[in-house]
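Add 196 to a position in the sequence shown, counting from 1, and you land on the number used in the numbering used here.
Encoded as structure tokens, the structure appears first; notes follow it.
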Amino acid sequence: MNPLSSKGLHILLTLETESEDLLLDSKGFLEFTEEILKTKEVEIVGVTNHIFENESFTSAVILKESHLCIHTWPEFKQLTFDVFLCNYSQDNTTKVEQIADEVVQYFKANTIQKHKIYR
């Protein structure tokens, strides 16, 4: 599908990392997320976060253009991440690709699965 004719790009990742400390640091991840979204002029309209007994976390960042979500599993050295930006006022495909790539770099992760869905 032509990205320009889609409603937006949704990327879903399953990642593996040796950086267990990052899988336990929801505050650090949310600070990182806020910074990368600022550089892409993506507006945050809400954040929810839950820290589990083992310090793993689930976070959802609601964006004016859609969302991003993360779930960490330190016991498996893995996380899942997804990001979706709609193309309401412009083509955000490149921004979605960049956000996904920067998350992989942040966690110093290997990609186990990556799915791209043009909505």
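For glycine and all other residues, C-beta sits at the position ideal for the given N, C-alpha and C.
Small disclaimer: the values here were computed from a predicted structure and weren't measured.
query	result
Spatial neighbours of Leu-226 within its chain, please: CB distance less than 8 Å, with the 5 preceding and 5 following residues excluded, ordered by chain position.	Val-243, Asn-245, Ser-255, Val-257
On a Cα-Cα basis, can you pick out the residue from Thr-229, Leu-218, Tyr-314 that is closest to Asn-283?	Tyr-314
Would you call the CB atoms of Gln-274 and Leu-209 closer than 8 Å?	no
Assuming Ala-305 contacts Ile-207 under a Cβ cut-off of 8 Å, what Cβ separation, rounded to an integer in Å, is found between them?	In fact, because the Cβ distance is near 14 Å, the residues do not count as touching under 8 Å.
Beta carbon of Gln-286: closer than 7 Å to some heavy atom of the ligand ATP?	In terms of ligand content, the structure shown is empty, and the ligand ATP therefore cannot be addressed.
Residue ranges of each alpha helix (DSSP H) run of no fewer than 4 residues wholly in the region 216-264, ordered along the chain?	216-219, 222-235
Just reading off the alpha helix (DSSP H) that Thr-289 is part of, what are its end residues?	289-302
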